[in-house]
Amino acid sequence: MTQELDLKELLLVRRRKLEELKEKGINPFGGKFNTTHKAQEILDRFDELENSQVVIAGRIMAKRDMGKATFAHIQDVSGRIQVYARVNEIGPEQYELFTHFDIGDIIGVSGKVFKTQRGEISVWAGEITLLSKSLRPLPEKWHGLKDVELRYRQRYVDLIVNPEVKQVFITRSRMIRAIRNYLDKQGYLEVETPMMHQIPGGAAARPFITHHNTLDMDLYLRVAPELYLKRLLVGGLEQVYELNRNFRNEGISTKHNPEFTMLEVYRAYADYTDMMELTEDLISTVAVDVLGTNKVEYEGQIIDLTPPWQRIPMLEAIKQYTGVDFTEVKDDAAARGAAKGLGLNVEEGATRGSLINEVFEEFVEPKLIQPTFITDYPVEISPLAKRKSEDPAYTYRFEAFIYARETANAFSELNDPIDQEQRFRNQVEQRAAGDDEAHMMDEDYINALEYGMPPAGGLGIGIDRLVMLFTGSPSIRDVLLFPQMKPRD
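Listed below in C-alpha cells is the structure:
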C-alpha cells in the first residue's frame with residue numbers, strides 16, 4: 000500500500016512539472032533532433048574525440064545535483080555516458096530546468112568530450128534540450144522491475160532498465176540476418192506465402208479461426224507454410240525459404256508461444272540427408288558469425304554445435320534408453336502392452352506409430368543434450384514425409400534435438416499424390432475421431448502434386464528456440480519482444 004501511495008505521489012509530481020514546463024512555453028515533447036554520435040562510440044573513440052564537439056541524445060538514468068554543477072548518466076541504444084553541466088556554462092535558466100528534469104526524461108545534449116578527474120569519459124554540456132518528458136518513474140524508483148510477468152507485459156520498460164535484455168534482441172536480429180545471408184549465398188530464394196489459409200495444413204496443430212466478412216467465409220491463421228512452399232516447387236522454384244510467423248492455438252509454456260517464428264527451407268532434387276547437412280552447417284555457421292564460436296553454454300552445459308552431429312534412428316534410441324526393442328513389437332496391441340509396461344497411460348485404440356513417438360518423447364527426448372538427429376519416424380505421425388523404400392512403415396524424416404528440445408524437423412518430401420491423398424484421408428478419420436490437430440483434406444494441394452513435384456528435401460527450424468540457446472534464455476518469453484499474456488483482471 001505504501002508503494003502504491005508513493006507511486007501516486009510521484010505521478011502527481013511529474014504531472015505538475017509537465018504543466019510548469021508548458022506555462023514557461025517549453026514543449027515537453029519535442030521534435031526532430033540531429034545527433035552526431037552514440038554513447039558507446041564516444042567511449043570507444045575517446046582518444047580521437049577528446050575536446051571535440053558532439054551531439055548526443057538519450058534517457059536520463061541517473062542524476063546528482065551538486066549546487067552549481069550536475070552530473071547525469073544518459074542512455075541510448077548503444078549504452079550509457081556521463082553528462083556534466085555547470086550553471087556558468089549553460090546559463091542559470093537552462094541549468095535550473097536541467098536540475099528539475101527527472102530520471103526517465105529524454106534529453107539532447109550538445110557539448111565537448113572530456114575526462115573527469117576520476118577518469119570517467121563524459122560530455123561537458125554546452126546546451127541541453129528536453130525531448131520527451133517521462134510522466135512515469137522508472138521501476139527502480141519505486142519497486143524495481145523484479146516481477147517477471149511485469150517485465151514481459153511492459154517490455155518497453157524492461158528494455159530501459161535491463162541492458163542485458165536489449166542485448167538478447169540485438170543478438171536475435173543478428174541471427175536472423177545471418178540466416179538470410181547464409182541461405183541467399185546458397186542460392187535460395189526468399190518468398191512470402193499466405194498467413195490466412197482456407198485449409199490449415201503443414202503441421203499437426205490446432206489453428207486459430209477468423210472470419211472474412213466480404214467473402215463470408217472462415218479462414219485459419221497458418222500453422223505452417225509447408226504446403227504453399229511445396230506448391231512453389233511444383234511451379235519450378237527449386238530452392239525457396241520463408242522466415243516468418245506461425246500461429247498455433249495451443250498451450251503456453253517455457254517452450255511454446257501461440258505466435259512464433261519459423262524458418263522453412265525446400266530444395267528440389269534433395270533428400271533428408273541433405274537437410275541434415277544443411278541444418279548442422281547453417282546453425283554452426285550462424286553461431287560462429289554471431290557469437291564467434293561453435294560452443295554455446297546453456298544452463299551450465301557446454302553445447303558443441305560443430306558438425307557432424309550424432310545421428311540415431313528413433314527405434315535404436317528407444318532401445319538404448321528403455322531396453323524395449325520395437326522392431327520386435329509387430330502390431331498396435333503389442334505396442335500398447337509395451338507402452339503400459341513402461342508406465343505410460345495408453346489410450347484405447349492408440350496405434351503402434353503414435354506409441355513409439357510417446358515412448359520416445361517420455362524416455363529419450365530429455366536425454367538428448369548435445370545436438371542429435373533422430374531419424375526414421377513412423378508413417379502414422381509423418382503424413383507429409385516420403386516412406387522409406389526398405390521399410391514403408393517408417394519415413395525419411397528427422398528431428399534435430401539440442402538440450403532436449405526439438406529444434407528442427409525435416410523430411411524427404413512426399414511427392415506421390417496417390418499416397419498423399421490416402422494419408423490425408425487417414426488424417427481426416429483421426430480428426431473425425433476427435434483429434435483436432437489432425438490434417439484436413441487439401442484437394443488443391445493434391446491437385447498440385449498431380450502436376451508433378453520433383454523429389455525434394457524440406458526443413459523447418461524453430462527460430463525462437465534457437466535464439467534461446469544462443470542467448471542462454473531459459474524461457475521462450477525471454478526471446479519474444481511481446482509474448483502472449485493473459486490480461487490482468
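Note that numbering that gives the first Met the number 0 numbers the sequence shown so that position 336 is 335, with each residue one more than the last. Backbone N, C-alpha and C define an ideal beta-carbon position, used for all residues, glycine too.
Do residue j and residue i come within 9 Å of each other at the CB atom, strictly closer than that value?
{"i": "Y320", "j": "E412", "result": "no"}
{"i": "R351", "j": "P370", "result": "no"}
{"i": "G457", "j": "E163", "result": "no"}
{"i": "R14", "j": "L134", "result": "yes"}
{"i": "G451", "j": "N414", "result": "yes"}
{"i": "A349", "j": "R335", "result": "yes"}
{"i": "M313", "j": "D375", "result": "yes"}
{"i": "E405", "j": "F372", "result": "no"}
{"i": "D101", "j": "P136", "result": "yes"}
{"i": "T192", "j": "L214", "result": "no"}
{"i": "T69", "j": "F97", "result": "yes"}
{"i": "M60", "j": "R79", "result": "yes"}
{"i": "A455", "j": "L232", "result": "yes"}
Return the CA-CA distance between residue i and residue j, expressed in angstroms with no decimal places.
{"i": "D273", "j": "I302", "result": "23 Å"}
{"i": "I55", "j": "L48", "result": "13 Å"}
{"i": "D324", "j": "H255", "result": "32 Å"}
{"i": "L129", "j": "F469", "result": "38 Å"}
{"i": "E364", "j": "Y444", "result": "33 Å"}
{"i": "E22", "j": "K16", "result": "10 Å"}
{"i": "G107", "j": "F45", "result": "20 Å"}
{"i": "G29", "j": "V53", "result": "20 Å"}
{"i": "I311", "j": "S388", "result": "18 Å"}
{"i": "L149", "j": "M174", "result": "27 Å"}
{"i": "N356", "j": "A337", "result": "13 Å"}
{"i": "E296", "j": "R464", "result": "14 Å"}
{"i": "K366", "j": "K294", "result": "19 Å"}
{"i": "K329", "j": "G433", "result": "26 Å"}
{"i": "I198", "j": "M216", "result": "12 Å"}
{"i": "I105", "j": "K132", "result": "7 Å"}
{"i": "E95", "j": "K62", "result": "14 Å"}
{"i": "E8", "j": "K485", "result": "29 Å"}
{"i": "E126", "j": "E88", "result": "8 Å"}
Using C-beta distances below 6 Å, list every residue in its chain close to residue i, excluding the 5 sequence neighbours before and after it, in chain order.
{"i": "E237", "result": "A267"}
{"i": "F207", "result": "L220, F246, N248"}
{"i": "E119", "result": "Q81"}
{"i": "K37", "result": "D75, S77"}
{"i": "H196", "result": "Y219, R221"}
With 16 other CB atoms within 10 Å as the buried threshold, where does residue i fall?
{"i": "K67", "result": "exposed"}
{"i": "F481", "result": "exposed"}
{"i": "E18", "result": "exposed"}
{"i": "M261", "result": "buried"}
{"i": "P382", "result": "buried"}
{"i": "I475", "result": "buried"}
{"i": "E263", "result": "buried"}
{"i": "T209", "result": "exposed"}
{"i": "L11", "result": "exposed"}
{"i": "M467", "result": "buried"}
{"i": "I417", "result": "exposed"}
{"i": "P473", "result": "exposed"}
{"i": "H99", "result": "exposed"}
{"i": "S172", "result": "exposed"}
{"i": "A447", "result": "buried"}
{"i": "K31", "result": "exposed"}
{"i": "E92", "result": "exposed"}
{"i": "D146", "result": "exposed"}
{"i": "N408", "result": "buried"}
{"i": "G186", "result": "exposed"}
{"i": "Y393", "result": "buried"}
{"i": "H211", "result": "exposed"}
{"i": "T253", "result": "exposed"}
{"i": "V289", "result": "buried"}
Per DSSP, residue i is paired with what?
{"i": "K114", "result": "I120"}
{"i": "A334", "result": "Partner(s): none; A334 has no beta bridge."}
{"i": "E263", "result": "E241, G459"}
{"i": "T128", "result": "G107"}
{"i": "M195", "result": "L220"}
{"i": "S411", "result": "G456"}
{"i": "F72", "result": "In the sequence on display, residue 72 carries His and not Phe. DSSP, once it has assigned bridges, lists A61, Q81 as partnering H72."}
{"i": "P377", "result": "Y393"}
{"i": "D303", "result": "K294"}
{"i": "T98", "result": "Paired residues: none, contrary to the question."}
{"i": "L188", "result": "V239"}
For residue i, collect the residues of the same chain with a Cβ closer than 7 Å to its Cβ; drop the 5 residues on either side in sequence, then sort them by chain order.
{"i": "D280", "result": "P306"}
{"i": "E379", "result": "T350, G352, S353"}
Return the chain-ordered list of same chain residues with a C-beta closer than 8 Å to the C-beta of residue i, the five sequence neighbours on each side being excluded.
{"i": "L341", "result": "T321, V323, V358, E361, F362"}
{"i": "Q483", "result": "I251, N256, P257, E258"}
{"i": "G200", "result": "V222, A223, E225, L226, H438, M439, D441, Y444"}
{"i": "Q429", "result": "A437"}
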